[in-house]
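Written out below as structure tokens is the structure these notes cover.
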Amino acid sequence: MDLQAEDLVLRRGGRALVDGVSFELASGVVSALVGPNGAGKSTLIALLAGDERPCRGVVSIGGATLASMRPRALARRRALLPQQNAVSFSMTALEVVLLGRYPYHEGIAGPADRAAVWEALDAVGMTWAAEVPLERLSGGEQLRVQAARVFAQSVGAEGGGVLLLDEPTASLDVAHAALVLRLARSAAARGAAVLVVLHDLNLAARSADNILLLAQGRLIATGSPAAVFTERLIATTWGHPVAILVHPQDQGPLVVPLDPLASHPIAPPTPPNAQVMS
Amino acid sequence: MSRPLAASSLSSSQPKSGWARSMQLWRAFASRHGESDRYQRSRADIDHLVEGRRGWHLLVLALLTMLCAVVCVVATSHGAVSLPYDTLLRLLALKLGVGSPDALPAAAEAILWSIRIPRVVMALLVGAGLAMAGAALQGIFRNPLADPGLIGVSSGAALGAVFTIVGLGWLLPQGTTAVAPWLLPAVAFCGGGATTWVVYRLATRDGRTDVATLLLAGIAINAISGALLGVLIFLADDAQLRSVTLWMLGSLASPPSQLLLWVGVPIAVGATLLVRHAEALNAFLLGERQAGHLGVDVGATRRTVVVASSLMVGAAVAFTGIIGFVGLVVPHLLRLIVGPDHRLLLPASALLGAALLTFADLLARTIAAPMEVPIGILTSLVGGPFFLALLLRARR
């Protein structure tokens, strides 16, 4: 299901955290939201999810504005994994993921709900932890359980729904980060419009069809990874020099941070098979 | 990446057979990936776990209902005048129109129906109300230390009650209870409701309630009520002072049975509202923002839970005075045993709270018979150390 954001503005304390942002997330497409710390990525996610009301502008999902939807109807269309997830009173992983089905049932989880719960737990490799209280799991395992809750919520969403993931790979190792992004990809294959906040530009280049580059509350570039990830744009946005190489597998851009204090000049453009660089 | 690690662990050990070497390699791999003690659950396993929870819920509720029933019978039988179980049965049969009143102890019927039963019912209602409201408030504020006192309902009710005893005592020198037995509970209930409303209003701006402000406003309003309470106590004469102190310590002393309805109805209404929001309370445990993402109307749920809880606690406190620790300890204890699922926790808290308070009241009126120990003393005396024990155990 498509999501449209039109001219979003959010001001707090005289400062514009999000300043006139417009874009569209299309069904079946994975987009990555990247930008320096404090660019307004999480604030933008909060606006898209309906946690915050914009001072100006409209967010609509499938043609209906967020404000016009009842909470439950909205929850059947968009699922969100926030950056911070703290669970009170030692719930088990199964209890947490079952809550992902809250928008779809009246108190008692039916067969379809249980199937979605198992599928999500199995997809993140956490079925073994079903009976384990969440606080006994490691940070990465807790994040995988929370991701499973969000994936369970997005199963059966109207028109595939909208899936918003705010730094889902923050505490995950390289294999599990790839796993979660593959799951985001398979949600998109079911028709979801997916937006993932990522700090790792290479992960974004590998996993997203579309990059949204946010800086100081403004959307300064959108497009394919190859179009957005240029040495000049990244260096000016983050204030840190990088070299763009060619990824050996998919020939996409490979972002390599350089040492800003090094005196020697940046090496000339490297040939495609650049294994020697390491 | 795994090769250097496996190689180093091999090189440091004795030469092994091929099989042992491969086992060692596998173990190095498995422990690195944490798979050694982990296993996959099939879809049927998860189905089984979810179904099993329902059976477990029914079992827990059945056991607690039995406990409640046993405590009720014992509490009805014992007291200043003992009513043996066979007498109880015959009195019950008599009420149903079976048997004859011959050979029953004099006044047994009156003691049972107008003293013992109203008192036991009162204890059941108040215990259930306090414990269930405590469970719901702890859930909605995601704080195991939340208790009804926190949102001002207890201190407001106390202020109302003491105002009735002291302030109206001057206007009605013959004593308010003689004029209207419902006056003190009514004013106390309004006091509890008013303070809760003030606390809630202070914390709400533009339709949004901030929990931190709510808790802090509760502390401030409690302090102000405490000061006003102090002024009233300072102005009270000796007889009033004694009534005030006894009220503050709590008592379930024989309520006129027509008043039971005034306790029962608010508690039943509150309980119904809370049970209907059990699943939304579960979502709150993930965080308020997350609950909102799952389709819970966060503002409406919090409003309903706060109103329902203060209705229950207000009704209870208005008639019995301050009875501490039931609302704090019962949900806490149950959460350790049955987990945090409010669909089970709320009814289980009601049952255990009812059983516990009925039992505490039985102790209160029998350990120093014919004197009555104020029940608030008992619950705090037992509840305090018990709570400390829970805390220390949890820290270990």
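Protein chains in written order, with the working numbering: chain H, 107 to 384; chain E, 1263 to 1658. Idealized CB from N, CA, C, for every residue including glycine.
Residue from the options with nearest C-alpha to residue i
{"i": "E:R1605", "options": "H:A276, H:G213, H:K147 and H:Q189", "result": "H:G213"}
{"i": "E:H1319", "options": "E:L1374, E:D1623 and E:A1610", "result": "E:A1610"}
{"i": "E:G1422", "options": "E:P1406, E:W1444 and E:G1401", "result": "E:W1444"}
{"i": "H:A236", "options": "H:S244, H:V251 and H:G246", "result": "H:V251"}
{"i": "E:G1638", "options": "E:G1411, E:I1585, E:A1630 and E:L1399", "result": "E:I1585"}
{"i": "H:A222", "options": "H:G206, H:W234, H:P363 and H:G231", "result": "H:G206"}
{"i": "E:L1625", "options": "E:V1644, E:L1614, E:A1612 and E:L1613", "result": "E:V1644"}
{"i": "H:N62", "options": "H:P217, H:E158, H:L271 and H:Q322", "result": "There is no way to answer for residue 62 of chain H, as the model of chain H reaches only from 107 to 384."}
{"i": "H:L309", "options": "H:A293, H:I350, H:E264 and H:L360", "result": "H:L360"}
{"i": "H:L240", "options": "E:L1548, E:L1478, E:S1642 and E:A1369", "result": "E:L1548"}
{"i": "E:P1410", "options": "E:L1374, E:V1461 and E:M1633", "result": "E:V1461"}
{"i": "H:V352", "options": "H:W344, H:T343, H:H346 and H:V362", "result": "H:V362"}
{"i": "H:A145", "options": "H:R312, H:A314 and H:H305", "result": "H:H305"}
First and last residue of the uninterrupted beta strand (DSSP E) at residue i
{"i": "E:T1563", "result": "Segment V1560 to T1582 is the alpha helix (DSSP H) holding E:T1563; no beta strand (DSSP E) there."}
{"i": "H:I326", "result": "R324 to G329"}
{"i": "H:N191", "result": "Unbroken run through H:N191: none, as it is neither H nor E."}
{"i": "H:E130", "result": "R121 to L131"}
{"i": "H:V361", "result": "P359 to P363"}
{"i": "H:D272", "result": "V268 to D272"}
{"i": "H:I350", "result": "V348 to V352"}
{"i": "H:R117", "result": "L109 to R118"}
{"i": "H:R162", "result": "R162 to I167"}
{"i": "H:I317", "result": "N316 to A321"}
{"i": "H:R184", "result": "R184 to L187"}
Interface partners of residue i on chain H, CB under 7 Å
{"i": "E:L1508", "result": "Here the premise fails: no neighbours, minimum Cβ distance about 36 Å."}
{"i": "E:L1547", "result": "V193, S194, F195 and M197"}
{"i": "E:R1687", "result": "As displayed, chain E neither begins before 1263 nor continues past 1658, which places residue 1687 of chain E out of reach and without an answer."}
Closer than 8 Å at the beta carbon, the chain E residues around residue i
{"i": "H:R250", "result": "Within chain E, no residue comes near H:R250; the closest Cβ sits about 12 Å away, beyond 8 Å."}
{"i": "H:L109", "result": "What H:L109 touches in chain E: nothing, since even the nearest Cβ is about 15 Å away."}
{"i": "H:R121", "result": "What H:R121 touches in chain E: nothing, since even the nearest Cβ is about 20 Å away."}
{"i": "H:P209", "result": "L1556 and G1557"}
Proximal chain H residues relative to residue i, where beta-carbon distance stays under 8 Å
{"i": "E:L1311", "result": "L200, A236 and E237"}
{"i": "E:Y1301", "result": "W234"}
{"i": "E:I1308", "result": "L200, R220, V223, W224, L227, T233 and A236"}
Range of the contiguous alpha helix (DSSP H) that encloses residue i
{"i": "E:P1518", "result": "Unbroken run through E:P1518: none, as it is neither H nor E."}
{"i": "H:N143", "result": "Per DSSP, H:N143 belongs to no alpha helix (DSSP H) and is neither H nor E."}
{"i": "E:L1613", "result": "H1604 to T1628"}
{"i": "E:D1213", "result": "Examination of residue 1213 of chain E is not possible in this model, given that chain E is present from 1263 through 1658 alone."}
{"i": "E:A1408", "result": "From DSSP, E:A1408 is part of no alpha helix (DSSP H); its letter is neither H nor E."}
{"i": "H:L301", "result": "Element bounds for H:L301: not the alpha helix (DSSP H) but the beta strand (DSSP E), A299 to V303."}
{"i": "H:H282", "result": "V280 to A295"}
{"i": "H:Q405", "result": "Nothing in the structure corresponds to residue 405 of chain H, since chain H is present only between 107 and 384."}
{"i": "E:P1593", "result": "V1588 to V1600"}
{"i": "H:S313", "result": "L307 to S313"}
{"i": "E:I1379", "result": "I1379 to I1402"}
{"i": "E:L1497", "result": "V1473 to L1497"}
Contacts that residue i makes with chain E (C-beta to C-beta distance below 7 Å)
{"i": "H:V361", "result": "Simply none; closest approach about 22 Å."}
{"i": "H:L186", "result": "H1555"}
{"i": "H:A181", "result": "H1555, L1556 and G1557"}
{"i": "H:R178", "result": "G1557"}
{"i": "H:L205", "result": "N1544, A1545, L1548 and L1556"}
Contacts of residue i in chain E (Cβ-Cβ under 9 Å)
{"i": "H:G265", "result": "Those within 9 Å of H:G265 in chain E number zero; the least Cβ separation is about 17 Å."}
{"i": "H:Q355", "result": "In chain order: nothing, as chain E lies at least about 17 Å away."}
{"i": "H:Q189", "result": "Residues of chain E passing the Cβ test: none, with the nearest at roughly 10 Å."}
Contact set between residue i and chain H, taken where Cβ atoms lie within less than 9 Å
{"i": "E:R1212", "result": "Missing from the structure shown is residue 1212 of chain E; chain E here goes from 1263 to 1658 and no further."}
{"i": "E:R1655", "result": "The contacting residues do not exist; E:R1655 stays about 14 Å from chain H at best."}
Chain A within 8 Å of residue i, Cβ atoms only
{"i": "H:G213", "result": "Among the chains of the structure shown, chain A does not appear; the protein chains present are H and E."}
Practice item. Flag this pair as touching only if the stretch 247-257 of chain H and the stretch 217-227 of chain H have three or more C-beta atom pairs under 8 Å; answer yes or no. Key: yes
Check your understanding: For the stretch 1536-1561 of chain E, which residues have a beta carbon sitting closer than 7 Å to at least one beta carbon of chain H?
Key -> From the stretch 1536-1561 of chain E, only E1541, N1544, A1545, L1547, L1548, G1549, R1551, Q1552, G1554, H1555, L1556, G1557, V1558 and D1559 have a Cβ closer than 7 Å to chain H.
Review point. Relative to chain E, which residues along the stretch 140-165 of chain H have a C-beta separation below 9 Å, given in chain order?
Key: A152, A155, G156 and D157
Exercise for review: Would you check if the stretch 1464-1474 of chain E and the stretch 1376-1392 of chain E touch, i.e. whether three or more CB-CB distances between them fall below 8 Å?
Suggested key: no
Review point. Taking contact to mean at least 3 C-beta pairs separated by less than 8 Å, is the stretch 1557-1574 of chain E in contact with the stretch 1520-1532 of chain E?
Key: Yes, the stretch 1557-1574 of chain E is in contact with the stretch 1520-1532 of chain E.
Exercise for review: Could you tell me whether the stretch 1488-1506 of chain E touches the stretch 1447-1459 of chain E, using the rule of 3 or more Cβ pairs below 8 Å?
Suggested key: no
**Study point:** Residues in the stretch 1601-1627 of chain E having any Cβ partner in chain H nearer than 8 Å
**Key:** Listed in sequence order: G1601, P1602, D1603 and R1605.
Review point. Name the residues in the stretch 1466-1479 of chain E whose C-beta lies less than 9 Å from a C-beta of chain H; which are they?
Key: none
Check your understanding: Per the contact definition of three or more C-beta pairs closer than 8 Å, is the stretch 1498-1513 of chain E in contact with the stretch 1412-1427 of chain E?
Key -> yes
Practice item. Decide yes or no for the touch test of the stretch 168-186 of chain H against the stretch 327-338 of chain H: beta carbon pairs closer than 8 Å, at least 3 of them. Key: no
Exercise for review: Could you name the residues of the stretch 1348-1378 of chain E whose beta carbon sits closer than 7 Å to any beta carbon of chain H, in the order they occur along the chain?
Suggested key: none
Review point. Is it a yes or a no for the stretch 174-181 of chain H touching the stretch 124-143 of chain H, going by three-plus beta-carbon pairs under 8 Å?
Key: Cβ pair count under 8 Å is below three, so no.
Check your understanding: Listed from N- to C-terminal order along the chain, which residues in the stretch 1562-1580 of chain E have their beta-carbon within a distance smaller than 7 Å of any beta-carbon of chain H?
Key -> none
Check your understanding: Are at least three pairs of beta-carbons, each pair with one atom in the stretch 147-161 of chain H and one in the stretch 268-277 of chain H, less than 8 Å apart?
Key -> yes
Check your understanding: Should the stretch 112-127 of chain H be called in touch with the stretch 287-303 of chain H, which here means at least 3 C-beta pairs below 8 Å?
Key -> With a cut-off of 8 Å, the stretch 287-303 of chain H and the stretch 112-127 of chain H do not count as touching, because too few Cβ pairs lie within range.
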